[in-house]
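J.: For the sequence shown, the numbering used here begins at 250 and goes up steadily by one.
Okay, here's the structure, questions in a sec.
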Amino acid sequence: MSLRNRTRLLTEELRTAVRLLLEGAPIVVLPVVTVLLLAMPVALPGFHVSLLTETLLFAIFAAAFNLLYGYTGLLSFGHAMFVAAAGYSVAKVFNVVGPMLPFGGVTPLVTLLLAIVVGVAVAGMFAVLIGYLAVQLEEIYFALITLSFSMAIYTLANQDIPGQVLAMSGIGDEGFTNGSDGLAFVPGRMNLFGFEFLLVDLSDPVAFYVLTVFVFVLAIYGLWRIVNSPFGMVCKAIRENPERAKAIGVDVTYHRWVTFVISGLFSGLAGAMLVALGGQVNPQQHAYWTASAEPVVMSVIGGPLSFVGPIVGAFTYEYVRWGISRYPLLEEYWQFSFGVLILVVVLFFENGVAGGLEAAYARLRAWLPVAAKRYRTDGWRGVLAFVGETVAGWLAAARETVRAYAARVRGGVRGYLIRARELVGG
Numbered sequence: 250m251s252l253r254n255r256t257r258l259l260t261e262e263l264r265t266a267v268r269l270l271l272e273g274a275p276i277v278v279l280p281v282v283t284v285l286l287l288a289m290p291v292a293l294p295g296f297h298v299s300l301l302t303e304t305l306l307f308a309i310f311a312a313a314f315n316l317l318y319g320y321t322g323l324l325s326f327g328h329a330m331f332v333a334a335a336g337y338s339v340a341k342v343f344n345v346v347g348p349m350l351p352f353g354g355v356t357p358l359v360t361l362l363l364a365i366v367v368g369v370a371v372a373g374m375f376a377v378l379i380g381y382l383a384v385q386l387e388e389i390y391f392a393l394i395t396l397s398f399s400m401a402i403y404t405l406a407n408q409d410i411p412g413q414v415l416a417m418s419g420i421g422d423e424g425f426t427n428g429s430d431g432l433a434f435v436p437g438r439m440n441l442f443g444f445e446f447l448l449v450d451l452s453d454p455v456a457f458y459v460l461t462v463f464v465f466v467l468a469i470y471g472l473w474r475i476v477n478s479p480f481g482m483v484c485k486a487i488r489e490n491p492e493r494a495k496a497i498g499v500d501v502t503y504h505r506w507v508t509f510v511i512s513g514l515f516s517g518l519a520g521a522m523l524v525a526l527g528g529q530v531n532p533q534q535h536a537y538w539t540a541s542a543e544p545v546v547m548s549v550i551g552g553p554l555s556f557v558g559p560i561v562g563a564f565t566y567e568y569v570r571w572g573i574s575r576y577p578l579l580e581e582y583w584q585f586s587f588g589v590l591i592l593v594v595v596l597f598f599e600n601g602v603a604g605g606l607e608a609a610y611a612r613l614r615a616w617l618p619v620a621a622k623r624y625r626t627d628g629w630r631g632v633l634a635f636v637g638e639t640v641a642g643w644l645a646a647a648r649e650t651v652r653a654y655a656a657r658v659r660g661g662v663r664g665y666l667i668r669a670r671e672l673v674g675g
């Protein structure tokens, strides 16, 4: 087979693989992903299994958030409220219901599954009520009202206001949310798929990881089906032009409300699993506005216009944060490091990291035939020269992008200075 035919065959194989992954073919992709994920504990030490478990759960959270942001066009700054609602529900089930059940056998597993169901249901109730009010507003006002509700829930949990109300009513004692200390729980040992582990410290994290893999695969498949359903197509139309969608008879408010509820349910699922993973819930970690910013950052980094974008963003976010933590100097300024990362993504990637991968694939398709032609005429020397020309072109384009951005910044600063001088002079 000639080099040209081999190049063409490789290009077709790459095209098929990327299309299956990015455009969606769950019947093919999900079983392969499931097998690969289940095989990870064999190659990874215990710490990395725990990190991968957390990353998969954050990927569910980011994908659920992006159902609202990337596919409906509504930016929420309050999705941590669903994590908190589900998390406190999980802790309450373990602390209240768990002791009532006989210890041993699969009882802790039953308690965990019951806690997850209750947590998702409570998060769904919050999503129904808050979503009905929030979707009446547009754009920045929607973002602000979700932030307001989230901070209200943070205050309720941080000040233990529900506990104070129950104590004043004589129904119970203070400590419903336990204030800023939060709630912790020890569900006991659990036997799952032959692995026995202690949920609170994950002395053997493999069993919980196996459960997380199945939850991740089912959740992502469910979200993919929603996005590619007729309902998902309507949501995309609303994102592109809500006025036109309304003109052709689409109930924009209703579709946004349903999307908000679905997003809240899946966010609650991720929150319930995250709290079960850590064995504790507290308002600062699970309800504060910074917790709501995490899925936003993950979606922006990965690419909100791609289904796999938030998943890629979650992996990028978690593993970059882990990499930064290995260097004390960088860890001290990790927020600055993430700011630089977001700036690079916004400047050089049209649709996040996922968009960058798609662009790289398109460039590879255009690059391979030219490289093959240079090889036929000049051999490997011609290929190396072509690689050098390509890299030089990329660097020149990057330099021009930075220069254009710097010029915009200078122009903006100069304009503000002129206006300030006019105001002072006037």
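For every residue, glycine included, the Cβ atom is placed at its ideal position computed from N, Cα and C.
Please classify V284: is it buried, with 16 or more other beta-carbons within 10 angstroms of its beta-carbon, or exposed?
T.: V284 should be labelled exposed.
J.: Let me check understanding here. Comparing Cα to Cα, which of I550, M289 and Y576 lies closest to T565?
T.: Of the listed residues, the one whose Cα sits closest to T565 is I550.
J.: Could you tell me the alpha carbon to alpha carbon distance between G368 and V346, rounded to whole angstroms?
T.: Answer to the nearest angstrom: the Cα atoms are 13 angstroms apart.
J.: What are the partner residues of Q529, as DSSP defines its beta bridges?
T.: A433, per the DSSP bridge assignment.
J.: According to DSSP, what are the bridge partners of G601?
T.: Bridge partners of G601: E599.
J.: When you compare the CB of M482 with every CB in chain B, is at least one pair closer than 9 angstroms?
T.: The chain labelled as chain B is not found in the depicted structure, where only one protein chain is given.
J.: Which full runs of the alpha helix (DSSP H) of 4+ residues lie inside the stretch 482-562, going along the chain?
T.: As far as the stretch 482-562 is concerned, its whole alpha helix (DSSP H) runs of at least 4 residues are 491-496, 501-527, 532-535 and 538-551.
J.: By Cβ distance, which residues of its chain are closer than 7 angstroms to N427, with the 5 residues on each side in sequence left out?
T.: Contacts found: D409.
J.: With a threshold of 16 other CB atoms inside 10 Å of the CB of W506, please say whether the residue is buried or exposed.
T.: Per the 10 Å Cβ criterion, buried.
J.: Kindly indicate which residue of L316, A308, T321 and R570 has the alpha-carbon position closest to the one of A494.
T.: Closest option to A494, Cα to Cα, is T321.
J.: Taking just the CA atoms, how far does A496 sit from E671?
T.: Going from the Cα of E671 to the Cα of A496 covers about 46 angstroms.
J.: Have a look at S338 and I469 and give me their C-alpha separation to the nearest angstrom.
T.: Distance between the alpha carbons of S338 and I469 is about 23 angstroms.
J.: Looking only at its own chain, which residues have a Cβ that is under 8 angstroms from the Cβ of Y654, when we skip the five neighbours before and after it?
T.: Result list for Y654: L596, in chain order.
J.: Quick one, are the C-beta atoms of G520 and V281 less than 9 angstroms apart?
T.: The answer is no: Cβ separation not under 9 angstroms.
J.: Just mark E543 as buried or exposed, buried being the case when its beta carbon has 16 or more other beta carbons within 10 Å.
T.: Burial call: buried.
J.: By the 10 Å Cβ neighbour count, where 16 or more other Cβ atoms means buried, how is Y390 classified, buried or exposed?
T.: The residue in question, Y390, is exposed, as its Cβ has fewer than 16 Cβ neighbours within 10 Å.
J.: Quick check: what's the CA-CA separation for V651 versus G642?
T.: Cα to Cα, the separation comes out at about 14 angstroms.
J.: Quick one: what does DSSP say V384 is sitting in, helix, strand or coil?
T.: In the structure shown, V384 sits in coil (DSSP, three-state: anything other than H, G, I, E or B).
J.: Along the chain, where does the alpha helix (DSSP H) that runs through T461 open and close?
T.: Looking at the DSSP string, the run of the alpha helix (DSSP H) that includes T461 is V455 to V476.
J.: Less than 9 angstroms between the C-beta atoms of V371 and G517, yes or no?
T.: Yes, Cβ-Cβ distance for V371 and G517 is below 9 angstroms.
J.: In chain order, what residues of the same chain lie with their CB nearer than 8 angstroms to the CB of S586, ignoring the 5 residues before and after it?
T.: Cβ neighbours of S586 beyond the five flanking positions: V569, I573 and L579.
J.: Short of 7 angstroms in beta carbon distance, which residues of its chain neighbour L317, apart from the five on each side in sequence? Order them along the chain.
T.: Here the set comprises L323, S325, T508, F509 and S512.
J.: In whole angstroms, what is the alpha-carbon distance linking L382 and V524?
T.: Going by the C-alpha atoms only, they are around 28 angstroms apart.
J.: Taking all protein chains shown into account, decide if V561 is buried (16 or more other Cβ within 10 angstroms of its Cβ) or exposed.
T.: Burial call: buried.
J.: Note down, one range per segment and in chain order, each beta strand (DSSP E) of at least 3 residues found wholly within the stretch 276-322.
T.: Taking only runs of at least 3 residues, no beta strand (DSSP E) segment lies wholly in the stretch 276-322.
J.: Hey, out of V459, H504, P491 and E492, whose CA is closest to F480's CA?
T.: Closest option to F480, Cα to Cα, is H504.
J.: Do I402 and M522 have their beta-carbon atoms positioned less than 9 angstroms apart in this structure?
T.: Their beta carbons are not under 9 angstroms apart, which means M522 does not touch I402 by this criterion.
J.: Would you say V545 and F314 are within 9 angstroms of each other, going by their C-beta atoms?
T.: Against a cut-off of 9 angstroms, the Cβ pair of F314 and V545 comes out as a contact.
J.: Buried or exposed, going by whether 16 or more other CB atoms sit within 10 Å of the CB of P618?
T.: So P618 ends up on the exposed side.
J.: How is E272 classed by DSSP in three states: helix, strand or coil?
T.: Because the pLDDT at E272 is just 49, under 50, the model does not fix this residue reliably, and the value given afterwards should be weighed accordingly. Residue state, collapsed to three classes: helix.
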